[in-house]
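**Q** Before I ask anything, here is the structure I am working with.
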Amino acid sequence: MANKQLIKGNIALAEGALQAGCRYYFGYPITPQNEICEFMALKMPQSDGVFVQAESEVAAINMVMGAAAAGARVMTTTSSPGFSLMQEGVSYIAAAHLPCVLANVQRGGPGLGNIAPGQADYFQAVKGGGHGDYHLIVLAPASPQEMFDFTFLAFDLADKYRTPVLILSDGIVGQMAENVEIKDSLKPETISKPWALTGARGREANVIRSLWLNETGVEENNFRLQDKYKIIIEKEVRFEEYMTDDADIVFIAYGLSSRITRGIVDKARKQNIRAGMLRPITLYPFPYDKIKDLVSRQCKALFVVEMSAGQMLEDVKLANEGRAPVYFDGTLGGRMPSEEKILPQLKTIKLS
Amino acid sequence: MAPEVIFKKPDSLREKIFPYCPGCGHGVIQRLMCEVIDELGIRENTIAIAPVGCAVCGYDYWDVDVSEAAHGRAPAVATGIKRVHPDKTVIVYQGDGDLASIGMAETIHAANRGENFTVIFVNNTNYGMTGGQMAPTTLLNQVTTTSPCGRSAHGDGFPIRMAELIATLPACQFSARTTVADVNGILKTKKYIKKGIKLQNEGGGYSFIEILSNCGTNWAMPAVKANEYIVENIVKVFPLGIYKDTTQEKGEA
């Protein structure tokens, strides 16, 4: 019998981490993701794991780096201002090819912003975020169930590619409660980590590093990173299509925005407008080819809905390569997209 | 009969020439650290954190598992490692800009949590590798590239005494200041490093060893004079001694 529980997205994310075998959690309180810290403070000791409340997000991400270097499955979670503070550590972790899982339950920004849901950390999430040429694998859940599922998946992806994986969520998906199936029969993949720091017993000493002072070391490490991203782009693009087969107008939205947009598609269909939606699940790697494919076939217009001034919009335009007109609705400062505002606009779009 | 070897390079120190300036204390301190690792037989059970600055490539010299850490973050990285491997010896090696400036929060909180690792803190009163800028440990009136008229208490503040500060934290088990500027100090430095690591390996908790070391190049002094300067002047600002030792009452210097 399925183990279903009515729980918040934040708790579902934490359950997903435990199911994935994560036994090390380092965090710092920040709204709207405090449920994760609180859950881990209670559950980690009960699961023979470790919870440490760090003195700052800067310290938390570096504790994550240490535990990842030591070969453990490890996670930290935060919200927008805290994720900015973590960028230094994330750059080092990516450069040192260390696996870990991070979550940013986004809030309104910039600055202290507010504690309403936001999607304005997209650039930071998918373009690198810290210094240097690196990327994270970025998964965008749209429901508490996906908070569980994607977090579980994130640990396997992190270990497989030796890279940080980011769950890019928001304050509503984190705070909303829905029925979540805790898939307790799922088994995490076990990937050996011969590179980990365990004490050099019977082997050469291992070194976790991102510094090379010779002429070619850093360039070579960058090539290693880029080779890895090529494989990730080839193998890990994930998306969901909703009524795109015959759609004249395809919405593109992720996370919370995709839930609202799904309702807009349903209402548009009732008005005999052939609308559909493409929901990127991985924001990095981004489904460029899928969008290109849509606008090369029947789709006559794209409509991006996101809670920012137009960040994913830029990637959609890159994929579109000028083929179809691209419409946009962005909400700022923690406001959510409005069906009432977007739906009437569809009638004004010429689909010739 | 083969002659008895009475002095040799420690096994846990690699066959490589140190990159440090002539007379620099880093080479001495790292040799002492590796001698202790050898004597305790823990080379295959040790994980060290390399600092930023002159000793950043510590892994080129120490034949143990090593992680780099960002400027100031070594105690946080060490916390992550030690929490995963509580049975391993974790050694944190940091300089004064690293530990007492950008990493002050990580330093204090790791000590305050009583993380069971040993911190080797090299205090040479300036940022060495970046070219001799003012550190939190720079002496009053000391000329550096960012205190060209000498450090002023007004505006620049006072040199921070880390061994004393750390000793005030209840979870700290051992805090001491020593120097590698003379033979007596070198012997004591080794004794304190060994004490800290043994304490850790017995599950005893956090230990902190501050070591006054010269930076002849940036101080614009020959090494011998720089060491004399430590013994004659710097110790007046940074007195040597044991500031906390929960295994004994406060002892002599």
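If you're matching them up, the sequences are chains P and A in order. The number in our numbering is simply the position in the first sequence, starting from 1, with 59 added. Just so we're aligned: 173 in our numbering is position 178 of the second sequence, and the numbers increase by one with no gaps anywhere. We treat Cβ as the ideally placed atom computed from N, Cα and C, and that holds for glycine.
Could you check which residue in A/132, A/200, A/69 has the C-alpha nearest to that of residue 100 of chain A?
**A** A/69
**Q** Report all residues from its chain with a CB closer than 6 angstroms to the CB of residue 82 of chain P; omit the five preceding and five following residues, and keep chain order.
**A** Here the set comprises 108.
**Q** Per DSSP, what kind of secondary structure is residue 96 of chain P in: helix, strand or coil?
**A** helix
**Q** Alpha carbon to alpha carbon, how far is residue 318 of chain P from residue 310 of chain P?
**A** 12 angstroms
**Q** Please list the residues of the region 74 to 108 of chain P that have a C-beta atom closer than 8 angstroms to any C-beta atom in chain A, keeping them in chain order.
**A** 83, 85
**Q** I'd like to know whether the C-beta of residue 270 of chain P is nearer than 8 angstroms to at least one C-beta of chain A.
**A** yes
**Q** Specify, as a first and last residue, the run of the beta strand (DSSP E) that residue 228 of chain P falls within.
**A** 223 to 229
**Q** Using 8 angstroms as the limit for Cβ to Cβ distance, is residue 257 of chain P near chain A?
**A** yes
**Q** Which chain A residues sit within Cβ distance under 7 angstroms of residue 267 of chain P?
**A** 62, 63
**Q** Where does residue 124 of chain P land, buried or exposed, given buried means 16+ other C-beta within 10 angstroms?
**A** Per the 10 Å Cβ criterion, buried.
**Q** Give me, in chain order, the residues of the same chain whose beta-carbon lies closer than 7 angstroms to that of residue 248 of chain A; leave out the 5 immediate sequence neighbours on both sides.
**A** Caution applies to residue 248 of chain A, whose pLDDT of 49 falls short of 50 and renders its modelled position unreliable; the model cannot decide the point.
**Q** With 9 angstroms as the C-beta to C-beta threshold (strictly closer), list the residues of the region 109 to 137 of chain P near chain A in chain order.
**A** 109, 111, 113, 114, 115, 117, 118, 119, 120, 121, 122, 123, 124, 125, 126, 127, 128, 129, 130, 131, 133
**Q** Closest to residue 44 of chain A by C-alpha separation, out of P/136, P/306, P/126, would be which residue?
**A** Answer by Cα proximity: P/126.
**Q** Let me know the alpha helix (DSSP H) ranges lying completely inside the region 153 to 240 of chain A, each 4 residues or longer, listed in chain order.
**A** Within the region 153 to 240 of chain A, the complete alpha helix (DSSP H) runs of at least 4 residues are 157 to 162, 178 to 196, 211 to 214, 218 to 224.
**Q** Indicate whether at least one CB of chain A lies closer than 8 angstroms to the CB of residue 347 of chain P.
**A** no
**Q** Can you look up residue 248 of chain A in the DSSP assignment and give me helix, strand or coil?
**A** For residue 248 of chain A, the predicted structure reports a pLDDT of 49, less than 50, and the residue's modelled location is therefore unreliable. The matter cannot be settled from this model.
**Q** Residues in its own chain within less than 8 angstroms of residue 38 of chain A by CB, not counting five upstream and five downstream?
**A** 6, 7, 32, 58, 59
**Q** Give me the Cα-Cα distance between residue 413 of chain P and residue 307 of chain P, rounded to the nearest whole angstrom.
**A** Absent from the model: residue 413 of chain P. The displayed extent of chain P is 60 to 411, so no value can be given.
**Q** Spell out whether any CB of chain A is found under 8 angstroms from the CB atom of residue 148 of chain P.
**A** yes
**Q** Just to make sure I have the definition right: I need the residues of chain P whose C-beta is within less than 7 angstroms of the C-beta of residue 73 of chain A. Which are they?
**A** 125
**Q** Less than 8 angstroms between the beta carbons of residue 203 of chain A and residue 167 of chain A, yes or no?
**A** yes
**Q** Using the C-alpha atoms, what's the distance from residue 320 of chain P back to residue 103 of chain A?
**A** If I take the Cα positions, the gap works out to 49 angstroms.
**Q** Could you tell me the alpha carbon to alpha carbon distance between residue 216 of chain P and residue 66 of chain A, rounded to whole angstroms?
**A** Between residue 216 of chain P and residue 66 of chain A, the C-alpha separation is close to 29 angstroms.
**Q** Show which residues of chain P have a CB atom less than 9 angstroms away from the CB atom of residue 249 of chain A.
**A** Nothing can be reported for residue 249 of chain A: it is not among the residues displayed for chain A, which extend from -4 to 248.
**Q** Mind checking which residues open and close the beta strand (DSSP E) that includes residue 357 of chain P?
**A** Where residue 357 of chain P is concerned, there is no enclosing beta strand (DSSP E), given that its DSSP letter is neither H nor E.
**Q** Could you check whether the Cβ of residue 297 of chain P sits closer than 8 angstroms to any Cβ belonging to chain A?
**A** no
**Q** Is the beta carbon of residue 135 of chain P closer than 8 angstroms to that of residue 89 of chain P?
**A** no
**Q** Count the C-beta pairs between the region 253 to 264 of chain P and the region 199 to 209 of chain P that are closer than 8 angstroms, then say yes if the count reaches three, no if not.
**A** no
**Q** Would residue 221 of chain P pass as an interface residue toward chain A - the criterion being a Cβ-Cβ separation below 8 angstroms?
**A** no
**Q** Could you give the first and the last residue of the continuous beta strand (DSSP E) run that contains residue 338 of chain P?
**A** Boundaries of the beta strand (DSSP E) harbouring residue 338 of chain P: 334 to 339, taken from the DSSP string.
**Q** Mind checking residue 273 of chain P: buried by the 16 CB within 10 Å criterion, or exposed?
**A** exposed
**Q** Establish whether the CB of residue 217 of chain P and some CB of chain A are separated by less than 8 angstroms.
**A** no
**Q** Consider the C-beta atom of residue 201 of chain A and the heavy atoms of the ligand GDP; say whether any pair is separated by less than 7 angstroms.
**A** What this structure holds is no ligand at all, so the ligand GDP is not there to describe.
**Q** According to DSSP, which residues form a beta bridge with residue 57 of chain A?
**A** Its beta-bridge partners are A/8.
**Q** Using 10 angstroms around the beta-carbon of residue 4 of chain A, count the other beta-carbons present and answer buried if the total reaches 16, otherwise exposed.
**A** exposed
**Q** Using beta carbons (cut-off 8 angstroms, strictly below), is residue 260 of chain P in contact with chain A?
**A** yes
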